[in-house]
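Right, one structure below, let's go through it.
Protein chains: 2
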Amino acid sequence: MRYSAPLRDLSFVLNELLDAPAALAQMPEHAGLDGESLMAVAEQAGDFAAGAILPLNRGADETGCRWHGGEVEMPPGFQQAYRDYCELGWVSICAALADGGQGLPRLMFSVVNEIFSAASHAFVMIASVNHCAAICLRRSASPALQARWLPALASGRVLSSMCMTEPQAGSDIGLLSTRAEPDGPGGYRLSGSKIFASGAEHGLSANIVHLVLARIAGAPPGSRGLSLFLVPKWLDDGARNAVHCDGIEHKMGLHGSPTCALRLDGALGWLVGEPQRGLAAMFPMMNEARLMSGLQALGLSELAWQAARGYAHERRQGRSPAGLQPCPLVDHPDVQRMLMTQKAWNEGARMLVHWTALVIDAAESHADQAHRRESAELAGLLTPIVKGFLCENAQQALSLALQVHGGHGYVRETGVEQLVRDARVITLYEGSTGIQAQDLLMRKVLADGGQRLALLTGRVQAWLESPGAGAEGLAAFTGPLRTLLAQVRAATTLLAGRERGQAGAALASCCSYLRLLGHLVMAWWWARAAAACLAVHEREHEHEHKQGWYAGKLATAHFHYGELLPETRALLAAIEAAPRPWALALAE
Amino acid sequence: MRYSAPLRDLSFVLNELLDAPAALAQMPEHAGLDGESLMAVAEQAGDFAAGAILPLNRGADETGCRWHGGEVEMPPGFQQAYRDYCELGWVSICAALADGGQGLPRLMFSVVNEIFSAASHAFVMIASVNHCAAICLRRSASPALQARWLPALASGRVLSSMCMTEPQAGSDIGLLSTRAEPDGPGGYRLSGSKIFASGAEHGLSANIVHLVLARIAGAPPGSRGLSLFLVPKWLDDGARNAVHCDGIEHKMGLHGSPTCALRLDGALGWLVGEPQRGLAAMFPMMNEARLMSGLQALGLSELAWQAARGYAHERRQGRSPAGLQPCPLVDHPDVQRMLMTQKAWNEGARMLVHWTALVIDAAESHADQAHRRESAELAGLLTPIVKGFLCENAQQALSLALQVHGGHGYVRETGVEQLVRDARVITLYEGSTGIQAQDLLMRKVLADGGQRLALLTGRVQAWLESPGAGAEGLAAFTGPLRTLLAQVRAATTLLAGRERGQAGAALASCCSYLRLLGHLVMAWWWARAAAACLAVHEREHEHEHKQGWYAGKLATAHFHYGELLPETRALLAAIEAAPRPWALALAE
Numbered sequence: 000m001r002y003s004a005p006l007r008d009l010s011f012v013l014n015e016l017l018d019a020p021a022a023l024a025q026m027p028e029h030a031g032l033d034g035e036s037l038m039a040v041a042e043q044a045g046d047f048a049a050g051a052i053l054p055l056n057r058g059a060d061e062t063g064c065r066w067h068g069g070e071v072e073m074p075p076g077f078q079q080a081y082r083d084y085c086e087l088g089w090v091s092i093c094a095a096l097a098d099g100g101q102g103l104p105r106l107m108f109s110v111v112n113e114i115f116s117a118a119s120h121a122f123v124m125i126a127s128v129n130h131c132a133a134i135c136l137r138r139s140a141s142p143a144l145q146a147r148w149l150p151a152l153a154s155g156r157v158l159s160s161m162c163m164t165e166p167q168a169g170s171d172i173g174l175l176s177t178r179a180e181p182d183g184p185g186g187y188r189l190s191g192s193k194i195f196a197s198g199a200e201h202g203l204s205a206n207i208v209h210l211v212l213a214r215i216a217g218a219p220p221g222s223r224g225l226s227l228f229l230v231p232k233w234l235d236d237g238a239r240n241a242v243h244c245d246g247i248e249h250k251m252g253l254h255g256s257p258t259c260a261l262r263l264d265g266a267l268g269w270l271v272g273e274p275q276r277g278l279a280a281m282f283p284m285m286n287e288a289r290l291m292s293g294l295q296a297l298g299l300s301e302l303a304w305q306a307a308r309g310y311a312h313e314r315r316q317g318r319s320p321a322g323l324q325p326c327p328l329v330d331h332p333d334v335q336r337m338l339m340t341q342k343a344w345n346e347g348a349r350m351l352v353h354w355t356a357l358v359i360d361a362a363e364s365h366a367d368q369a370h371r372r373e374s375a376e377l378a379g380l381l382t383p384i385v386k387g388f389l390c391e392n393a394q395q396a397l398s399l400a401l402q403v404h405g406g407h408g409y410v411r412e413t414g415v416e417q418l419v420r421d422a423r424v425i426t427l428y429e430g431s432t433g434i435q436a437q438d439l440l441m442r443k444v445l446a447d448g449g450q451r452l453a454l455l456t457g458r459v460q461a462w463l464e465s466p467g468a469g470a471e472g473l474a475a476f477t478g479p480l481r482t483l484l485a486q487v488r489a490a491t492t493l494l495a496g497r498e499r500g501q502a503g504a505a506l507a508s509c510c511s512y513l514r515l516l517g518h519l520v521m522a523w524w525w526a527r528a529a530a531a532c533l534a535v536h537e538r539e540h541e542h543e544h545k546q547g548w549y550a551g552k553l554a555t556a557h558f559h560y561g562e563l564l565p566e567t568r569a570l571l572a573a574i575e576a577a578p579r580p581w582a583l584a585l586a587e
Numbered sequence: 000m001r002y003s004a005p006l007r008d009l010s011f012v013l014n015e016l017l018d019a020p021a022a023l024a025q026m027p028e029h030a031g032l033d034g035e036s037l038m039a040v041a042e043q044a045g046d047f048a049a050g051a052i053l054p055l056n057r058g059a060d061e062t063g064c065r066w067h068g069g070e071v072e073m074p075p076g077f078q079q080a081y082r083d084y085c086e087l088g089w090v091s092i093c094a095a096l097a098d099g100g101q102g103l104p105r106l107m108f109s110v111v112n113e114i115f116s117a118a119s120h121a122f123v124m125i126a127s128v129n130h131c132a133a134i135c136l137r138r139s140a141s142p143a144l145q146a147r148w149l150p151a152l153a154s155g156r157v158l159s160s161m162c163m164t165e166p167q168a169g170s171d172i173g174l175l176s177t178r179a180e181p182d183g184p185g186g187y188r189l190s191g192s193k194i195f196a197s198g199a200e201h202g203l204s205a206n207i208v209h210l211v212l213a214r215i216a217g218a219p220p221g222s223r224g225l226s227l228f229l230v231p232k233w234l235d236d237g238a239r240n241a242v243h244c245d246g247i248e249h250k251m252g253l254h255g256s257p258t259c260a261l262r263l264d265g266a267l268g269w270l271v272g273e274p275q276r277g278l279a280a281m282f283p284m285m286n287e288a289r290l291m292s293g294l295q296a297l298g299l300s301e302l303a304w305q306a307a308r309g310y311a312h313e314r315r316q317g318r319s320p321a322g323l324q325p326c327p328l329v330d331h332p333d334v335q336r337m338l339m340t341q342k343a344w345n346e347g348a349r350m351l352v353h354w355t356a357l358v359i360d361a362a363e364s365h366a367d368q369a370h371r372r373e374s375a376e377l378a379g380l381l382t383p384i385v386k387g388f389l390c391e392n393a394q395q396a397l398s399l400a401l402q403v404h405g406g407h408g409y410v411r412e413t414g415v416e417q418l419v420r421d422a423r424v425i426t427l428y429e430g431s432t433g434i435q436a437q438d439l440l441m442r443k444v445l446a447d448g449g450q451r452l453a454l455l456t457g458r459v460q461a462w463l464e465s466p467g468a469g470a471e472g473l474a475a476f477t478g479p480l481r482t483l484l485a486q487v488r489a490a491t492t493l494l495a496g497r498e499r500g501q502a503g504a505a506l507a508s509c510c511s512y513l514r515l516l517g518h519l520v521m522a523w524w525w526a527r528a529a530a531a532c533l534a535v536h537e538r539e540h541e542h543e544h545k546q547g548w549y550a551g552k553l554a555t556a557h558f559h560y561g562e563l564l565p566e567t568r569a570l571l572a573a574i575e576a577a578p579r580p581w582a583l584a585l586a587e
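Printed below as a string of structure tokens:
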């Protein structure tokens with residue numbers, strides 16, 4: 000497969016829509032980063048992705064990871080690619096300057112990881128995990144632990160893994176049973192079994208630090224009794240810690256990422272954060288992983304779309320309504336529909352996910368404290384939307400990319416089916432879509448009476464009332480967006496009332512509600528994209544752009560509003576339909 | 000995995016909804032078949048499926064088919080299972096009595112093949128193909144060819160394959176280049192390359208007959224110049240015919256079905272039907288294959304749903320809104336939504352596909368000629384709906400079955416991911432969803448000014464006006480159904496007008512239109528199912544059934560109308576949105 004980083008669209012998103020340089024100028028530590036610098040990094044990432052990572056992705060599937068007697072052999076070429084990745088500094092984009100990192104904004108990480116995710120989902124799983132671990136340690140670990148591990152993570156000499164799940168405890172981490180016994184000053188001995196620990200064993204780095212949720216002896220049951228520990232594979236005295244990989248899963252896809260079963264036999268670990276505050280310490284890491292899932296969704300779907308578009312231009316079958324000779328597939332209206340669906344989801348995802356990254360930058364680095372606080376709230380709302388909405392949309396887009404290839408898409412050689420298999424996990428791990436939807440509706444929207452939601456709807460409303468939204472030609476977007484905004488507010492009120500009437504009654508609609516909010520944010524960004532295109536149109540001579548890039552973007556915005564946004568009508572109907580007692584239909 | 004044939008629901012569909020015995024009583028060759036006999040056959044099929052076929056399905060994936068030097072080794076156990084399958088008479092359910100078959104109605108074939116498809120998609124691919132081939136030969140082959148091959152096909156001693164696709168000719172069979180030169184009386188020598196020929200090489204049967212589309216020397220280009228040939232692997236003198244398997248595809252799934260590349264090097268073949276009438280001769284076989292895809296959709300999705308329901312009852316994670324202890328997944332409202340979605344799609348598919356089979360029985364065997372003709376027209380309308388609507392719905396249901404399993408669904412061991420991979424082909428082969436949608440909209444609906452469509456809408460209308468549709472409690476169904484019927488008529492008029500305005504302009508909406516019609520038929524059957532449940536409720540004491548099977552079925556009907564049917568709102572909006580010139584957004 001071939002991939003070329005979508006630099007033109009990235010430039011549109013970063014510079015024309017988000018106006019990222021202006022936003023970053025308000026953040027002291029990022030001020031001065033201009034649009035050209037951002038795009039230069041994106042371009043380098045694109046070159047490395049296409050040249051060094053993408054060629055390994057087939058082998059990551061065909062050969063995959065292999066487990067022999069406790070050790071994991073990574074796919075062919077990963078070792079060298081990882082070395083180059085570290086040397087070129089990709090491992091430490093966002094790491095603090097003080098730790099030897101490059102201190103770039105989260106936005107840059109987001110762009111670069113969209114690109115790397117397209118090149119190889121498996122590679123990015125292992126190569127980007129330190130970003131998440133470092134965020135966790137920076138927030139919660141003691142100065143000593145930070146000093147010991149943050150530079151090592153920034154250099155890539157040490158890689159990390161997140162060890163939560165156990166056989167009996169998946170979505171319900173309160174059921175975890177791994178135990179920790181105090182042992183010497185600050186140390187603990189951990190015992191238990193973890194599963195689904197991605198990248199918990201391999202030989203890519205000199206050492207691996209596991210971030211492990213466990214229960215200190217005597218702590219209460221449930222999720223509130225959990226603590227977080229850092230457990231290195233190799234101890235500082237050169238001894239092997241008592242943490243062992245008992246095997247890796249055989250999965251539908253993502254064969255290049257080792258999904259490990261891990262056994263802790265009194266392994267030495269160090270507390271990260273306060274005892275029994277393990278979830279709070281873990282969550283920043285988990286949130287990063289959720290945002291990364293959104294980037295994987297976008298990257299995988301972009302690669303598949305490039306393949307589908309290429310195939311549709313090359314393969315000749317059937318006649319177009321007008322023609323006599325066999326025409327390229329792309330001339331068929333239904334193939335156009337399939338391609339446009341992918342394009343609209345992908346470009347919508349790109350606006351949404353990189354905007355979220357910029358919101359997180361504002362939450363961490365904006366000069367104004369109130370703005371930081373508000374941005375953090377907004378980021379909390381957007382995280383489950385990015386994870387839940389984009390990962391589901393990507394499944395649909397990827398399946399259509401395969402479909403465009405016809406029977407050839409089902410054959411391994413073509414490459415798209417691997418992407419479909421690889422991507423199937425993104426709605427499952429880091430909290431399934433249902434878990435995201437529950438988090439969004441219950442914790443992020445209903446719990447505070449809709450105050451956090453108002454941060455989002457308020458921005459949409461403010462934009463609709465801004466002069467820019469009144470531009471000629473924009474009514475086809477602002478009209479439906481205004482309607483949707485009112486519908487979102489009404490649906491929220493409806494569900495809040497239903498929940499007040501009976502605890503848990505709103506949960507039956509949580510996935511529909513998540514998609515509804517996803518549509519609101521995405522439709523807002525598509526409207527803003529359309530406004531940007533129309534503004535260019537105003538400024539320039541008409542015919543110059545009529546067939547050009549902006550006309551294509553504007554057509555995609557129209558497609559989104561005409562073909563994808565109407566899903567909201569079905570969602571609203573489903574939300575309005577009163578839930579019934581389904582249990583009796585589901586008895587065994 | 001475990002599977003138990005859904006006998007209770009099948010009995011409801013056959014005996015309570017379709018009233019199959021009464022319908023069959025009007026067909027002289029099937030009169031006298033009562034409901035108990037139908038269910039007895041279904042029960043035996045269920046036993047054979049669960050006991051003899053299902054246990055092979057994992058090996059069909061893991062070991063798959065293996066190609067060595069022109070020969071294909073089938074998955075472990077297939078040889079024995081196929082022998083038993085023939086001995087028990089499953090191979091010849093519908094074959095004519097005169098050919099040694101059992102002469103049962105198509106409806107029975109439909110029920111039995113839903114069940115076998117659940118047990119193993121790969122096995123049913125090879126084991127049911129003779130049904131399609133026999134239909135083709137019975138319609139078009141000379142008496143001599145029929146006498147030579149029909150009994151052999153009915154016994155299963157000979158298996159068959161359908162050879163259409165070539166590397167340059169997929170959906171566009173007019174591009175086929177395999178050539179046939181006359182050679183002796185009635186004989187031809189065929190030369191060319193075929194791909195994607197399922198079951199075109201294996202050792203299960205003593206011989207294989209290939210039904211091959213080719214062009215007689217001198218025939219015009221395009222699909223009208225094609226003729227159909229029967230090409231046996233072994234000739235009657237014991238010589239090997241010059242038809243060779245050059246390899247099998249490595250696919251995303253369905254590893255137990257050999258997808259062959261076939262080379263014809265002057266292979267001897269016999270004309271089936273008239274020269275240059277190959278498509279007409281092939282189409283009855285193709286239509287059967289399309290209906291079988293619908294059965295595969297249903298079977299695969301039923302097995303996955305049984306697994307998901309079982310897992311949801313067994314696995315405990317999280318707390319239900321009311322509870323304190325970990326509860327089974329099935330207590331979570333969002334899990335209920337996922338399970339109900341699968342259940343509603345599956346049971347809707349069961350009504351639709353088996354009704355279609357009964358319509359085909361009427362087309363072939365009804366005592367009244369006008370009824371036969373009308374049924375044949377209706378079957379032509381229903382075939383692309385069964386293929387296009389049910390196969391897409393099954394993808395959604397299967398994906399949800401995997402989703403219910405969480406991360407464990409992504410692991411091969413659980414078994415569901417195989418079903419997702421296997422099923423991915425059903426929207427691609429035997430005419431992709433787009434091809435079905437084009438066939439439905441252009442050939443079946445617009446070409447005759449909606450006359451054929453009126454056969455369907457007229458039946459829905461007649462039912463809505465019948466006394467049964469006025470029963471108490473049914474308004475929640477008849478209201479939306481009446482609305483949808485009017486919307487379907489309006490959408491048809493809209494698209495007809497658009498097509499008159501510009502040839503091909505309606506094509507952009509063909510897939511939305513197919514789904515809209517699919518919803519109409521399925522919603523009609525759900526309304527009828529609800530009516531049947533309410534009638535039982537009327538007849539019996541209320542509390543006796545309140546918690547029972549009929550209450551569960553009625554709840555599922557409500558779910559379908561509340562959660563799945565609203566998709567029509569999105570489809571209508573997409574159809575109404577005027578198509579735009581998307582091509583400029585799709586340039587490379």
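Top line first, the protein sequences correspond to chains A and B. With numbering that gives the first Met the number 0 applied, the first sequence covers 0 to 587. With numbering that gives the first Met the number 0 applied, the second sequence covers 0 to 587. Yeah, the Cβ is synthetic: ideal placement off N, Cα and C, and Gly gets one too.
By a beta-carbon distance limit of 8 Å, B:V128 contacts B:S159. Their separation comes to about 5 Å. Of all residues in the segment 373-399 of chain A, only Q394 and S398 come within less than 9 Å of chain B when Cβ atoms are compared, listed by chain position. Contact annotation: in the segment 329-356 of chain B, residues whose CB is within less than 8 Å of a CB in chain A are V329, D330, H331, P332, D333, V334, Q335, R336, M337, L338, M339 and K342.
Taking C-beta atoms as the reference points, A:Q435 and A:L377 fail to come closer than 8 Å. Every alpha helix (DSSP H) stretch that sits fully inside the segment 385-473 of chain A and reaches 4 residues is listed by chain position as 390-403, 415-422, 432-437 and 450-464. Between the C-alpha atoms of B:G561 and A:A572 there is a straight-line separation of about 7 Å.
Looking at the DSSP output, A:A168 sits in a beta bridge with A:E165. Here A:D264 carries a strand assignment [DSSP, helix/strand/coil].
By the criterion of a C-beta distance shorter than 7 Å, B:R308 is surrounded in its chain by L338, once the five residues flanking it on both sides are discounted. In the structure shown, the three-state DSSP call for A:L210 is strand.
For the segment 401-433 of chain B, the residues whose beta carbon sits under 8 Å from a beta carbon of chain A are, in order, L401, Q402, G405, G406, H407, G408, Y409, V410, R411, E412, E416, V419, R420, R423, V424, T426, L427, Y428, S431, T432 and G433. For A:I194, the enclosing beta strand (DSSP E) covers residues G186 to S197. Distance between B:Y549 and B:W344, taken at the CA atoms: about 17 Å.
B:G99 and B:G186 have their C-alpha atoms spaced approximately 27 Å apart. In this structure, B:R497 places its C-beta atom within 8 Å of the C-beta atom of B:A504. The distance from the Cβ of B:A529 to that of B:A396 is about 21 Å, inconsistent with a contact at the 8 Å cut-off. Residue contact with chain A for B:R214: absent (no Cβ-Cβ distance below 8 Å to any residue of chain A). The C-beta of A:R336 has 16 or more other C-beta atoms within 10 Å across all chains shown, which makes the residue buried.
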